[in-house]
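Chemist: Residue numbers (my numbering), protein chains in the order written: chain A, 186 to 682; chain B, 29 to 152; chain C, 14 to 101; chain D, 106 to 423.
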Amino acid sequence: MDFVQNFPCFSVILCLFAGILSSGLKDKAAMRVNTCLLGIVTLLSGATLLYTLQTGQSFVYVMGKFPAPWGNEIRAGVLEALTALFFCVIMLLSLLGGRHKLLEEVESGKTYLYYVLTDLLLSSLLALVYTNDMFTAYVFVEINTISACGLIMIRQNGRTIEAAVRYMIMSLLGSGLLLLGLCMLYDLTGHLLMSNMKESVARLAATGQYEIPLIVAIVLISVGICIKSALFPFHAWLPDAYGYSTVSSAAILSSLVSKGYIFLLIKIIYRVIGFDIYGDTRIIDVLFAFGLMGMIFGSLSAIKENDVRRMIAYSSVAQIGYIYMGFGMGTEAGMTASVFHILSHAATKSLLFIAAIGLTDVSGGSRKFIELTGAGYRNKWAGAAFTVGSLSMVGMPLFSGFISKLLFAQAAVQNHVKMLPALIVLGVSTILNAIYFMKTVIRIYTPVGYSAYPSITFVKMRVYAVTLVAFILLNVILGISSQPVVDMIRQGLAMFS
Amino acid sequence: MGPNLFINYGEAVAMLLFGIGFGNLLLQSNLIKKIIGLNIMDTAVYLFLAEKGYIAGRVAPIVADGVQDMEAYINPIPSGLVLTGIVVSVSVSALMLALTIRLYRRYHTLDLDEISRQLKKEGL
Amino acid sequence: MRVFEEILLLCLIICAVSVAFTKDLLTSIVIFMSYSLIMCVIWVLLQSPDLAITEAAVGAGVTSILFFVMLKKIRAIRKEDGHEQDEK
Amino acid sequence: MSRMKNNYENSRFMRFKRWVDGETDLLLNTMEIVPAKEPAAGEREEASKDSFGEKDGKNPPVFSEGRGLLYFRRFYQAVSVLLCCGIILVLLWTVAYLPSFGNAGNPDNNEVSARYIEQGLQETGAVNIVTGMILDYRAFDTFGESCVLFIASCCVMILLMVDDAILKKQEAMSDRRFEPKNDAILQGTALVLTPIIFIFGIYIILNGHLSPGGGFSGGAIMGAGLILYTSAFGFHKTQRFFDEHIYKIAKITALCMYGLIGTYFYVTGANGIENHIPLGIPGHILSSGIILPINFCVGLEVACTMYAFYALFRRGGL
Numbered sequence: 186m187d188f189v190q191n192f193p194c195f196s197v198i199l200c201l202f203a204g205i206l207s208s209g210l211k212d213k214a215a216m217r218v219n220t221c222l223l224g225i226v227t228l229l230s231g232a233t234l235l236y237t238l239q240t241g242q243s244f245v246y247v248m249g250k251f252p253a254p255w256g257n258e259i260r261a262g263v264l265e266a267l268t269a270l271f272f273c274v275i276m277l278l279s280l281l282g283g284r285h286k287l288l289e290e291v292e293s294g295k296t297y298l299y300y301v302l303t304d305l306l307l308s309s310l311l312a313l314v315y316t317n318d319m320f321t322a323y324v325f326v327e328i329n330t331i332s333a334c335g336l337i338m339i340r341q342n343g344r345t346i347e348a349a350v351r352y353m354i355m356s357l358l359g360s361g362l363l364l365l366g367l368c369m370l371y372d373l374t375g376h377l378l379m380s381n382m383k384e385s386v387a388r389l390a391a392t393g394q395y396e397i398p399l400i401v402a403i404v405l406i407s408v409g410i411c412i413k414s415a416l417f418p419f420h421a422w423l424p425d426a427y428g429y430s431t432v433s434s435a436a437i438l439s440s441l442v443s444k445g446y447i448f449l450l451i452k453i454i455y456r457v458i459g460f461d462i463y464g465d466t467r468i469i470d471v472l473f474a475f476g477l478m479g480m481i482f483g484s485l486s487a488i489k490e491n492d493v494r495r496m497i498a499y500s501s502v503a504q505i506g507y508i509y510m511g512f513g514m515g516t517e518a519g520m521t522a523s524v525f526h527i528l529s530h531a532a533t534k535s536l537l538f539i540a541a542i543g544l545t546d547v548s549g550g551s552r553k554f555i556e557l558t559g560a561g562y563r564n565k566w567a568g569a570a571f572t573v574g575s576l577s578m579v580g581m582p583l584f585s586g587f588i589s590k591l592l593f594a595q596a597a598v599q600n601h602v603k604m605l606p607a608l609i610v611l612g613v614s615t616i617l618n619a620i621y622f623m624k625t626v627i628r629i630y631t632p633v634g635y636s637a638y639p640s641i642t643f644v645k646m647r648v649y650a651v652t653l654v655a656f657i658l659l660n661v662i663l664g665i666s667s668q669p670v671v672d673m674i675r676q677g678l679a680m681f682s
Numbered sequence: 029m030g031p032n033l034f035i036n037y038g039e040a041v042a043m044l045l046f047g048i049g050f051g052n053l054l055l056q057s058n059l060i061k062k063i064i065g066l067n068i069m070d071t072a073v074y075l076f077l078a079e080k081g082y083i084a085g086r087v088a089p090i091v092a093d094g095v096q097d098m099e100a101y102i103n104p105i106p107s108g109l110v111l112t113g114i115v116v117s118v119s120v121s122a123l124m125l126a127l128t129i130r131l132y133r134r135y136h137t138l139d140l141d142e143i144s145r146q147l148k149k150e151g152l
Numbered sequence: 014m015r016v017f018e019e020i021l022l023l024c025l026i027i028c029a030v031s032v033a034f035t036k037d038l039l040t041s042i043v044i045f046m047s048y049s050l051i052m053c054v055i056w057v058l059l060q061s062p063d064l065a066i067t068e069a070a071v072g073a074g075v076t077s078i079l080f081f082v083m084l085k086k087i088r089a090i091r092k093e094d095g096h097e098q099d100e101k
Numbered sequence: 106m107s108r109m110k111n112n113y114e115n116s117r118f119m120r121f122k123r124w125v126d127g128e129t130d131l132l133l134n135t136m137e138i139v140p141a142k143e144p145a146a147g148e149r150e151e152a153s154k155d156s157f158g159e160k161d162g163k164n165p166p167v168f169s170e171g172r173g174l175l176y177f178r179r180f181y182q183a184v185s186v187l188l189c190c191g192i193i194l195v196l197l198w199t200v201a202y203l204p205s206f207g208n209a210g211n212p213d214n215n216e217v218s219a220r221y222i223e224q225g226l227q228e229t230g231a232v233n234i235v236t237g238m239i240l241d242y243r244a245f246d247t248f249g250e251s252c253v254l255f256i257a258s259c260c261v262m263i264l265l266m267v268d269d270a271i272l273k274k275q276e277a278m279s280d281r282r283f284e285p286k287n288d289a290i291l292q293g294t295a296l297v298l299t300p301i302i303f304i305f306g307i308y309i310i311l312n313g314h315l316s317p318g319g320g321f322s323g324g325a326i327m328g329a330g331l332i333l334y335t336s337a338f339g340f341h342k343t344q345r346f347f348d349e350h351i352y353k354i355a356k357i358t359a360l361c362m363y364g365l366i367g368t369y370f371y372v373t374g375a376n377g378i379e380n381h382i383p384l385g386i387p388g389h390i391l392s393s394g395i396i397l398p399i400n401f402c403v404g405l406e407v408a409c410t411m412y413a414f415y416a417l418f419r420r421g422g423l
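#1: When you compare each of A:647, A:542, A:396 and A:460 to residue 519 of chain A by their alpha carbons, which one comes out closest?
#2: Could you check the C-alpha separation between residue 495 of chain A and residue 148 of chain B for me, to the nearest Å?
#3: Could you check whether residue 241 of chain D and residue 249 of chain A sit closer than 9 Å to each other, using their CB atoms as the reference points?
#4: Determine the direct distance from the alpha carbon of residue 410 of chain A to that of residue 274 of chain A, and round the result to whole angstroms.
#5: Run down chain C in chain order and give the residues with a C-beta less than 8 Å from the C-beta of residue 325 of chain D.
#6: Please report the Cβ distance between residue 79 of chain B and residue 321 of chain D, rounded to the nearest whole angstrom; I am assuming they are in contact, meaning their Cβ atoms lie under 8 Å.
#7: Between the segment 251–267 of chain A and the segment 405–419 of chain A, can you find at least three pairs of beta-carbon atoms closer than 8 Å?
#8: Give every residue of the same chain whose Cβ lies closer than 7 Å to the Cβ of residue 316 of chain D, excluding the five residues on either side of it in the sequence, and list them in chain order.
#9: Can residue 247 of chain D and residue 403 of chain D be called in contact, C-beta distance under 9 Å?
#10: When DSSP labels each residue in this structure, what does residue 247 of chain A get in the three-state scheme?
#11: Compare the C-beta of residue 19 of chain C with all C-beta atoms of chain D and state if any pair is closer than 9 Å.
#12: Using the beta-carbon of each residue, which ones in chain A are nearer than 8 Å to residue 169 of chain B?
#13: Are the CB atoms of residue 74 of chain C and residue 67 of chain B nearer to each other than 9 Å?
#14: Over what stretch of residues does the alpha helix (DSSP H) that includes residue 289 of chain A continue unbroken?
#15: Three-state secondary structure (DSSP) at residue 15 of chain C?
#16: Give the secondary structure of residue 85 of chain B by DSSP, where H, G and I count as helix, E and B as strand, and everything else as coil.
#17: Do you know how far the Cα of residue 548 of chain A is from the Cα of residue 628 of chain A?
#18: With H, G and I counted as helix, E and B as strand and the rest as coil, what does DSSP make of residue 61 of chain B?
#19: Could you check what DSSP says for residue 416 of chain D in three-state terms: helix, strand or coil?
#20: In its own chain, which residues sit with a C-beta less than 7 Å from the C-beta of residue 299 of chain A, not counting the 5 before and 5 after it?
#21: Whose Cβ in chain B lies nearer than 7 Å to the Cβ of residue 63 of chain C?
#22: Per the DSSP calculation, residue 207 of chain D is bridged to which residue(s)?
#23: With 9 Å as the threshold, decide whether the Cβ of residue 82 of chain C is near any Cβ in chain D.
#24: From which residue to which residue does the alpha helix (DSSP H) around residue 134 of chain B run?
#25: Can you find a C-beta in chain A that's less than 9 Å from the C-beta of residue 70 of chain B?
#26: I'd like to know whether the C-beta of residue 616 of chain A is nearer than 9 Å to at least one C-beta of chain D.
#27: Buried or exposed: which applies to residue 342 of chain A, given that a residue is buried once 16 or more other Cβ atoms fall within 10 Å of its Cβ?
#28: Alpha carbon to alpha carbon, how far is residue 344 of chain A from residue 150 of chain B? Give it in angstroms, no decimals.
#29: What does a CB cutoff of less than 6 Å around residue 561 of chain A pick up in its chain, not counting 5 residues either side in sequence?
#30: Helix, strand or coil, according to DSSP, for residue 231 of chain D in the structure here?
#31: In the DSSP output, what is residue 259 of chain A paired with across the bridge?
#32: Taking a contact to mean a Cβ-Cβ separation below 9 Å, would you say residue 323 of chain D touches residue 332 of chain D in this structure?
#33: Who are the Cβ neighbours of residue 543 of chain A in its own chain at under 6 Å, not counting the five residues just before and after it?
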């Protein structure tokens, strides 16, 4: 066995260790440990990606000495490694970009706990990406939920704590449903490992035995994950949680936490239930419908919003709708588009959050649109970054959002039944996106004669500006040379089955 | 209706409890009762699992007198899963209770609707 | 044995329902504690002593203590505020 | 001048402009603000009955609540009730089709549980098959589970930890203001019970691989013992042997030990390297390879965390 195959396991374990050790460190040291950790894990994930690309197949890593149906396993293929790499990069950039706000908004003696939480959050995300065992997935889903709650409430005002309570209630409902579905699936198949489960499910589906419990279990798992990832009717907690938490948390939550759950759902669809069996149930039509509704209603709520951060948060609801719409197509192309959108949305949404904080900072801390007038001149970097993010969200060519919309449109054309609604809603949603994002961009570049707020220079926030540039580059790279990434996604999805 | 509803009466009770807990979580506006509802929901799932692991006429999976026959013991896997689950649910409820204390200190009520009304009044 | 188990399951449902309809919070917490203890006995009947011992220690014991402490804390906060109001 | 309108304020362009300026909502603009309404009598009664804060009668809640919100709440409640009933019915319907209870031929009694039972004793050295399964076969899950407990304690610390020494003193006083100090009965009972509880907890931890129990339950029992001691004698007595510093050291050491043992186990197992931890003779206390040390670490961590929850809830510090 090659040494590289240890890397997925190492990255999860390293994150857990870093989190545990950080809980005994001072604020500064914990921050350093966290940055080093993110660097190392990025390298490890990159190496795994290269390895899987070279060998052209996925590998299974047994955690312990007991083989397949008895012990825990993790599994890495191209898609897993790519997602892990991407998650690490985004998390690193989000933390760097929000670091100056973190020091202001979190009690000074408790900053180290923030890094403990992010370390463990990263470990849970990696475990969700790599896991090959349903119960491990459940345990790490819980870690993910609790640490996300911690990230929301670490900025302790009434608003965030209330948001955290709402988030927890919805999330725990979701976890309860997920656990129940998982138990039923275990009862029907007798396995907890994904590959063995898939065999049993295929056998059950072929013989028609236990048909109803199987469908109910699939429904429970899907609904649980939908609740946790804030699909449209379950999004009530989202604007408060994203809008009031400290900026790094908002960026991480919107771009990584919900995406981790969605990735788990993809994994379950492909590796536990089987794409065809999942497609035969009517669940994907429901997902499709709610995805479309989310796209419209999320954008409408964003248009109504008067607060820039909450507007971006509502835009997340719309974007999650896109992802579920891709699932709902029930084709390989739709899934590819969804996965690409996961990556592109992660890159764009965290950029928007980080840029928005730069704009509000030079507007006296107010997040109302009226105060943001001309903020793009006072903080040039943030203004440029916000513009790039908005253009990408709207779907301008050159940026990543364009590619994902193109992929969605291509996927829609292939599916004759769902083509018309998908294309119409895609168009409408793009227009709505354009309305609220362009409104903001126009506002931040509206010149004002006299401003009460001073502008900010590059020297003052070097780290922040570098982060923004990195984000912009990431977006443009995803937009211009998207073909290799799309190929990798296709290859990875092929490895799943 | 399927054939096993009355044979599976334990599971049926677990599902009822799950529904009751779910309802508590959705309908109660008092936070403490929401948390209790959450715990009821979790334990219901564990009851379901434990019922599924039970096999009539067999004993707990602790090797006694060197008997290592599969016919002698019940399925150990559900017990292990529930053991993990119980610890998860106690940590979650501790976290929720801590959140409740903080909310009470800030808003002087345990009613979630009331809290959102106060938030609206603050106009933040 | 089967009858005993059925009675216990019935008790579980009664407890769960009465938690929802009790007005007093302390009472509902005590009912929840008894719910956990009944669950414990059911697990012994289902031949899972590991679960029973864990549930007794964690579910019925520590969780209930945490609930009580939280209730006490909330009462303390309320009384503190009450005193402040009196002084004004 | 026919184009001049006197209601320029309400023209579309003006509304659009105001929306761009972020002053109003484009869509909400048409909606009239409903004048303040007294909440319905029944609802207020309900609210004052079971919420704690309103019981003492200060600040009676008079809110300008639009009719829309009231309808929304009614609607929400009705939908929730329907949803719950629906879920219960669907789940009961599902149960009717599930494999029957207590039947040895069910799909979950397959080769997986067979190997755990038939070879568990030889492969893990644990007499208690459940312990062997969670700490050896599925060791990664269980490590994740201890991390759940760890992260929950971190979150509670964020929420309730009070840094300021003065505030700490105040809180400690106010917490015990309404109860008798140094209760002789409580202290006498605690003096007798605490050692017994501790010994019982340690017994359960050390016998985790031989009899029911293990790190989690034993740790919780020990935590309960610490809680009893503290509530009888106060925090000062406990702080003499267990303060924040020791808590941190104990917690980090326990988890790191667990992590190291676990990592050694995973890596050697996965890479096919021989594992040098002896399994011992089944049935003895010092047996079963990694299970005993892991149980010990877990027990320590759980005891610390349970006590930390209590202390943080009680006075905002350890």
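Beta carbons are placed, not taken as given, at the ideal position from N, Cα and C, and that holds for glycine.
Bear in mind that the values here come from a model prediction, so they are computed numbers and not experimental data.
Modeler: Taking the geometry as given:
#1: Position 334 of the first sequence, counted from the start, is the residue given in the question as residue 519 of chain A. That would be A:460, whose Cα lies nearest to the Cα of residue 519 of chain A.
#2: Counting from one through the first sequence, the residue named residue 495 of chain A turns up at place 310. Counting from one through the second sequence, the residue named residue 148 of chain B turns up at place 120. Approximately 15 Å between the Cα atoms of the pair.
#3: Mapped onto the first sequence, residue 249 of chain A falls at position 64. Mapped onto the fourth sequence, residue 241 of chain D falls at position 136. Yes, they are a contact pair.
#4: For the purposes of this step, residue 274 of chain A is taken as residue 89 along the first sequence, with counting starting at 1. For the purposes of this step, residue 410 of chain A is taken as residue 225 along the first sequence, with counting starting at 1. Cα to Cα, the separation comes out at about 24 Å.
#5: As a first step, residue 325 of chain D must be located in the fourth sequence, where it is residue number 220. The answer, in chain order, is 67, 70, 71, 74 and 75.
#6: Start at 1 with the first residue of the second sequence, and residue 79 of chain B comes out as number 51. Start at 1 with the first residue of the fourth sequence, and residue 321 of chain D comes out as number 216. That pair is no contact at about 21 Å.
#7: No, the segment 405–419 of chain A does not touch the segment 251–267 of chain A.
#8: For the purposes of this step, residue 316 of chain D is taken as the residue at position 211 of the fourth sequence. Excluding positions up to five away in sequence, the list reads 233.
#9: Residue numbering aside, residue 247 of chain D sits at position 142 when the fourth sequence is read from its first letter. Residue numbering aside, residue 403 of chain D sits at position 298 when the fourth sequence is read from its first letter. It is a contact, given that the beta carbons lie within the stated cut-off.
#10: Within the first sequence, the letter at position 62 stands for residue 247 of chain A. The answer is strand: DSSP assigns residue 247 of chain A an E or B state.
#11: Residue mapping note: residue 19 of chain C aligns to position 6 of the third sequence, counting from 1. When Cβ-Cβ separations below 9 Å define contact, residue 19 of chain C makes no contact with chain D.
#12: Outside the shown range of chain B, which is 29 to 152, sits residue 169 of chain B, and nothing can be said about it.
#13: Your numbering for residue 74 of chain C matches position 61 in the third sequence. Your numbering for residue 67 of chain B matches position 39 in the second sequence. The criterion of a C-beta distance shorter than 9 Å is not satisfied by residue 74 of chain C and residue 67 of chain B.
#14: Here residue 289 of chain A is taken as the residue at index 104 of the first sequence, counted from 1. Unbroken alpha helix (DSSP H) run through residue 289 of chain A: 284–290.
#15: Indexing the third sequence from 1 puts residue 15 of chain C at position 2. Residue 15 of chain C: helix per DSSP, three-state reduction.
#16: Here the question's residue 85 of chain B lines up with position 57 in the second sequence. In the structure shown, residue 85 of chain B sits in coil (DSSP, three-state: anything other than H, G, I, E or B).
#17: Numbered from its first residue, the first sequence carries residue 628 of chain A at position 443. Numbered from its first residue, the first sequence carries residue 548 of chain A at position 363. The alpha-carbon atoms of residue 628 of chain A and residue 548 of chain A are separated by roughly 12 Å.
#18: What you label residue 61 of chain B is simply residue 33 of the second sequence in a count that begins at 1. When secondary structure is reduced to three states using DSSP, residue 61 of chain B falls in the helix class.
#19: Taking the first residue of the fourth sequence as 1, we reach residue 416 of chain D at position 311. Residue 416 of chain D sits in a helix when the DSSP states are folded into three classes.
#20: Position 114 of the first sequence, counted from the first residue, corresponds to residue 299 of chain A. Beyond the five residues adjoining it in sequence on each side, residue 299 of chain A comes within less than 7 Å, by CB distance, of 287, 291 and 339 in the same chain, given in chain order.
#21: Stepping through the third sequence from its first residue, residue 63 of chain C is reached at position 50. Within chain B, the residues 107 and 111 have their CB atoms less than 7 Å from the CB of residue 63 of chain C, given in chain order.
#22: For this step, residue 207 of chain D is matched to residue 102 along the fourth sequence. DSSP, once it has assigned bridges, lists B:83 as partnering residue 207 of chain D.
#23: Locating residue 82 of chain C in the third sequence gives position 69, counting from the first residue. Yes, contact with chain D.
#24: Here the question's residue 134 of chain B lines up with position 106 in the second sequence. Residue 134 of chain B -> alpha helix (DSSP H) spans 104–135.
#25: To locate residue 70 of chain B, count along the second sequence from 1; it is residue 42. Yes, contact with chain A.
#26: Position 431 of the first sequence, counting from 1, holds the residue named residue 616 of chain A. With 9 Å as the cut-off, residue 616 of chain A does not count as an interface residue toward chain D.
#27: As a first step, residue 342 of chain A must be located in the first sequence, where it is residue number 157. Result: exposed.
#28: By one-based count along the second sequence, residue 150 of chain B stands at place 122. By one-based count along the first sequence, residue 344 of chain A stands at place 159. Approximately 10 Å, taken between the alpha carbons.
#29: What you label residue 561 of chain A is simply residue 376 of the first sequence in a count that begins at 1. Same-chain partners within the cutoff: 568, 629 and 630.
#30: Numbered from its first residue, the fourth sequence carries residue 231 of chain D at position 126. Residue 231 of chain D: coil per DSSP, three-state reduction.
#31: On the first sequence, residue 259 of chain A is found 74 positions in, with the first residue counted as 1. Its beta-bridge partners are A:246 and A:316.
#32: Start at 1 with the first residue of the fourth sequence, and residue 323 of chain D comes out as number 218. Start at 1 with the first residue of the fourth sequence, and residue 332 of chain D comes out as number 227. No, the pair does not count as a contact, with Cβ atoms beyond the cut-off.
#33: What you label residue 543 of chain A is simply residue 358 of the first sequence in a count that begins at 1. So the list reads 564 and 567, once near-sequence residues are dropped.
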